[in-house]
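What follows is a set of notes on a single structure, which appears directly below.
There are 2 protein chains.
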Amino acid sequence: MSAQQQPGAPPNPVQIFSTIQGYQRAFALKAAVDLDLFTAIAKGSRTAAEIAKNCNAAERGVRILSDALVVMGFLLKSGNSYSLTPDTAFFLDSRSPAYLGLAFNFLLHPSQLAHFEHLGTAVRKGGTPDEQGNLAPDDPIWIEFAKGMAPMMIPAAQAMAGLLAGELGSRPSAKILDIAASHGLFGITVAQRLPKAHIYALDWANVLEVAKENAGKQGLAERYHLLPGSAFEVDYGTGFDAILITNLLHHFEPSENEKMLKKAHAALNPGGQVIILEFVPNDDRVSPPVPAMFSLTMLGSTPKGDAYTLAEYAAMCRNAGLETPRLVPLDPMPQSLVVARKPF
Amino acid sequence: MSAQQQPGAPPNPVQIFSTIQGYQRAFALKAAVDLDLFTAIAKGSRTAAEIAKNCNAAERGVRILSDALVVMGFLLKSGNSYSLTPDTAFFLDSRSPAYLGLAFNFLLHPSQLAHFEHLGTAVRKGGTPDEQGNLAPDDPIWIEFAKGMAPMMIPAAQAMAGLLAGELGSRPSAKILDIAASHGLFGITVAQRLPKAHIYALDWANVLEVAKENAGKQGLAERYHLLPGSAFEVDYGTGFDAILITNLLHHFEPSENEKMLKKAHAALNPGGQVIILEFVPNDDRVSPPVPAMFSLTMLGSTPKGDAYTLAEYAAMCRNAGLETPRLVPLDPMPQSLVVARKPF
C-alpha cells in the first residue's frame, strides 16, 4: 500500500496516478465477482474466449479485465491461459464456503462511495456531514454486511471461541451476549464450541433475521435468543459470563463507548469478560497499514467514529470498571481482540 | 500494485479487502488536494492542529486524513509532526509549476466513476455501454484534462522536443501538426526548442481555447495555429515535418487508428515522422503495471479503445505506409513514444 520514494530519485507522478486510479481496481475486482469470473476459471475455463463463454461476456472485455486482475495479483497468466491464485480460489470461487464476493455489496455500497466522494467535507467538519452516517436504526446496509462479511470474520470467531472454551468449557452452562451480532458468526461459533451455552444476539431487528436464520441452519435455535434494538438502549439483562462487542465501538466517540461498556459491566457476572473485536492501530496511528487506514473509513462514514489504539480502548474499559485490558492479535488478520474483565 | 501470495501461506483476505478499499485512498488524496493540505505543510504547518487551522478544517479530520496519507506514502510522520515527501512537495504543493492537483478533476471526474461503477456491463459488452463514452464532440471532460494533465506530460514533451530538435534543428523552418493538442504542452515545448517552427494544433474547439491561451502566455501566438474539430474529419493540410499524436489512439480500434495514420501519412513531407505518445504494454499485456492497467481504463470509458502493444502500433503504422516503427521508452514515466517515418 505504501511505497516510500528512493532518496535522490527524480520526481515521479506514478504513485499519485496509481492511487487516484485505485477506484478502477476496486471496481475491476467487483466486476469479476459480478460476472463470477473466478468460479468460471475454477471450473476449468482458461483462455479469455472460454471464460467469456462461461460468463456470458465479450471475449475482449474478459481479456482486458483478466489481464488487469493479473497485474493486481488476483490471477496468474501463462501464455494466453489464466489461473487462480490460492487466495482467489479460497475467497472468490462462489462455491467456496469462504466466498467473499457478497462482502463487496457492503464494502462498495453506493452509500459508502457517496460518503467518500465528499470526504473533503468530512475532513472540514471532523466527521461525515450526514447526521448519522450509516448508524440510523435498521439501515439496510447492515443487511449487506451481515450477508457478506462473515467469511472475513472466521479466524476472529474461532479465536473468540477458543478463548471462551478455555475459560468456560468445564462449566455446566454459560450465558453469552453477542452485541452487534450481524451474521451471527461469533455467537454461533462460540455456541458450537460450548454445547451448553446460550447466546443472546443483539442487533437491529432486520439484521437479527439474518443471524437467526444462520443459527437455525446450525441447529442452534433453542440456544439462540434475540435482543432487537440499539446497543445503547436495549436492556441486556444480567448474568452473562462473556459479552462480545464486534465491529461496533469504532463507530462512536469514547464517551459513548464507555456508556456501552458500563452497560456491559452491569450485565456481566463477576469475573466475566468483555471481548471486543476491532481494528487497533499502534500508538503511532500509522501502522499496521490496514488498522491505521480504518480510521479514514470511520471519518468518512460516521460522525465521530475512529480506529482506537489499545491505550484508548484500555482507558474506556477501565473507566467502565473493566480491568486488566489486554490485546490479543489475530495475525495475519488485520483485526485484534481487546479483552477485559469485571472484577470478582 | 501487485502482491504475489507467498507459497504455502494460509489464505488471507487482506489483499482483497485493501483493493476494494482503493476508492477510499483515491478520495483521500483528492480530499487533501481539495483542502490544499500539502501546501499548508509546505508553508510550515506541522501538527494536525496547525494544518487544520491553515486549511480551515477540523483538527480531528486533518489528523485522520494525514495519518492515512502517511500510510499511503504521501506524507512522513515524526511524533505528531507531518512533513512532505519529495514527490508530494514537487507535485502537490499548489504553488509548484508541476502541481498535479487539477489533474484529479479529470482522473476522478464523476463520469469516470460512473463508467467504472458499471464496469461489469462493459466487460459483458466488450466496451462502455455509452454510445461514445467520453468521445463525443466538445465533451467538457477534455477541458479538465487540458487544465490538469500538462504537468504529468512534461517529460514526454521534452523527449519529443529533443527528438525533433536533433532532426529539424538545423532547418530554416519546420511545420508541426499537434493532434489532440489538449493543454498544448507538446507543441509549445517543440516550438520553444525550434524557434522557426510553426505549430498546428488540432482538438475540439473548446479545448483549443486552453491550448491557445497557454501558447500565448509563452509568446508563441504568431507561430501557433488552430485546427478545431475531429482528428478523423478535419483537413490537416500538407507539408508537415512531424505529426504528434498524443494520448489519442488508445481511444479507438485499430482500423480507425489506421485511418488517422493514413491521413497523417498524406499530410507529411517525405521523410517526415509521426510521434505517438501512448501507454504501451509488453506483449504479455500484464507488464509493466501502469501501461497494462491502462487497457482497463479504456474498456471502462470507450467503446473500443485499448492499450496497444508495440507490435500492434507497428502494424497500424505499416498499414498506413509509415515505416521503421520503433519504441522510445520514457522511463521512469509509464508512457512511451512510438515513432515511425514516411519514406522518402
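So the sequence lines, in the order shown, correspond to chains A and B. Going by our numbering, the final residue of the first sequence carries number 344, and the count climbs one at a time with no gaps. Going by our numbering, the final residue of the second sequence carries number 688, and the count climbs one at a time with no gaps. From the three backbone atoms N, C-alpha and C, an ideal C-beta is built for every residue, glycine too.
Just checking: is the beta-carbon of residue 355 (chain B) within a distance shorter than 8 Å of some beta-carbon in chain A? Interface residue (Cβ-Cβ distance to chain A less than 8 Å): residue 355 (chain B) is classified as such.
Give, in chain order, every residue of the stretch 496-517 of chain B whose Cβ lies closer than 7 Å to some Cβ of chain A. So the close ones are 496.
What distance in whole Å lies between the Cβ atoms of residue 682 (chain B) and residue 654 (chain B), which are believed to be in contact at a cut-off of 8 Å? Sure, about 7 Å apart at Cβ, within 8 Å.
What does residue 277 (chain A) pair with, by DSSP beta-bridge criteria? Partner(s): A:246, A:337.
Please confirm if residue 81 (chain A) has its CB atom under 8 Å from at least one CB of chain B. Residue 81 (chain A) does not count as touching chain B.
Which term fits residue 219 (chain A), buried or exposed, when burial requires 16 or more other beta carbons within 10 angstroms of its beta carbon? It counts as exposed.
Answer yes or no: does any C-beta atom of chain B fall closer than 8 Å to that of residue 329 (chain A)? Answer no: the Cβ-Cβ gap between residue 329 (chain A) and chain B never drops below 8 Å.
Short of 7 Å in beta carbon distance, which residues of its chain neighbour residue 439 (chain B), apart from the five on each side in sequence? Order them along the chain. The residues are 383.
Residues near residue 58 (chain A) by beta carbon distance below 7 Å, same chain, minus five either side: Once the five neighbours on either side are set aside, the close Cβ partners of residue 58 (chain A) are 52.
Inter-residue Cα distance where the pair is residue 582 (chain B) and residue 573 (chain B): Cα-Cα distance, rounded: 17 Å.
Verify whether the separation of the beta carbon atoms of residue 468 (chain B) and residue 56 (chain A) is less than 8 Å. Yes, these two residues count as a Cβ contact at 8 Å.
Give the C-beta separation of residue 463 (chain B) and residue 523 (chain B) to the nearest angstrom, bearing in mind that I take them to be a contact with Cβ-Cβ under 8 Å. That pair is no contact at about 29 Å.
Among A:26, A:288, A:231, whose alpha-carbon lies nearest the alpha-carbon of residue 346 (chain A)? For chain A, the structure presents residues 1 to 344; residue 346 (chain A) sits outside this window and is missing.
Answer with buried or exposed for residue 324 (chain A), where buried requires no fewer than 16 other C-beta atoms within 10 angstroms of its C-beta. That one is exposed.
Out of A:176, A:244, A:208, which one is the CA nearest neighbour of residue 143 (chain A)? Per the Cα distances, A:208.
So with CB distances below 8 Å, who are the chain B contacts of residue 97 (chain A)? Taking the beta carbon of residue 97 (chain A) as reference, no residue of chain B falls within 8 Å; the closest one sits roughly 11 Å away.
Please report the straight-line C-alpha distance between residue 515 (chain B) and residue 509 (chain B), rounded to a whole angstrom. The alpha-carbon atoms of residue 515 (chain B) and residue 509 (chain B) are separated by roughly 10 Å.
With a cut-off of 8 Å on the beta carbons, I'd call residue 466 (chain B) and residue 61 (chain A) a contact; round off their distance for me. Confirmed, about 6 Å.
Inside the stretch 395-456 of chain B only - beta strand (DSSP E) runs reaching at least 3 residues: Note on the stretch 395-456 of chain B: whole beta strand (DSSP E) runs with a minimum of 3 residues are 419-422, 425-428, in chain order.
I believe residue 575 (chain B) touches residue 604 (chain B) by the beta-carbon criterion, under 8 Å. Please report the beta-carbon distance rounded to the nearest angstrom. Confirmed, about 6 Å.
Does any residue of chain B bring its CB to less than 8 Å from the CB of residue 68 (chain A)? Taking CB atoms only, residue 68 (chain A) has a neighbour in chain B less than 8 Å away.
Starting from residue 522 (chain B), follow its DSSP beta bridges and name the residues at the other end. DSSP, once it has assigned bridges, lists B:545, B:588 as partnering residue 522 (chain B).
Is the CB of residue 338 (chain A) under 8 Å away from at least one CB in chain B? Proximity of residue 338 (chain A) to chain B, defined by a Cβ-Cβ separation below 8 Å, is not satisfied.
Classify residue 423 (chain B): buried if its beta carbon has 16 or more other beta carbons within 10 angstroms, exposed otherwise. Label assigned to residue 423 (chain B): exposed.
So what does residue 569 (chain B) bridge to, in DSSP terms? In the DSSP output, where bridge partners are listed per residue, residue 569 (chain B) has B:544.
For residue 529 (chain B), which three-state DSSP category applies? In this structure, residue 529 (chain B) counts as helix in the three-state DSSP scheme.
Quick one: list the residues of chain D neighbouring residue 670 (chain B), beta-carbon separation under 7 Å, in chain order. Chain labels in this structure do not include chain D; the protein chains are A and B.
Where DSSP assigns a beta bridge to residue 327 (chain A), which residues make up the other side? A:338, per the DSSP bridge assignment.
Going by CA-CA distance only, name the one from A:136, A:11, A:115, A:139 that's closest to residue 128 (chain A). Answer by Cα proximity: A:115.
Based on DSSP bridge pairs, tell me the residues matched to residue 268 (chain A). A:240.
Between the Cα of residue 521 (chain B) and those of B:379, B:534, B:448, spot the shortest distance and give me the residue it belongs to. Of all alpha-carbon atoms in B:379, B:534, B:448, the one lying nearest the alpha-carbon of residue 521 (chain B) is that of B:534.
Closest Cα partner of residue 387 (chain B) within the set B:415, B:426, B:355, B:358: Taking each of B:415, B:426, B:355, B:358 in turn and checking the Cα distance to residue 387 (chain B), the smallest one comes out for B:426.
Tell whether a beta-carbon distance below 8 Å holds between residue 686 (chain B) and residue 598 (chain B). Cβ atoms of residue 686 (chain B) and residue 598 (chain B): not closer than 8 Å.
Near residue 141 (chain A), what residues of its chain come up, given a Cβ to Cβ distance below 7 Å and the 5 sequence neighbours on each side ignored? In the same chain as residue 141 (chain A), and ignoring 5 residues on each side of it, the C-beta atoms closer than 7 Å to its own belong to 106, 109, 111, 134, in chain order.
Compare the C-beta of residue 129 (chain A) against all C-beta atoms of chain B and say whether one is closer than 8 Å. No, residue 129 (chain A) does not count as interfacial toward chain B.
Amino acids of chain A, ordered along the chain, whose beta-carbon sits closer than 7 Å to that of residue 598 (chain B): What residue 598 (chain B) touches in chain A: nothing, since even the nearest Cβ is about 12 Å away.
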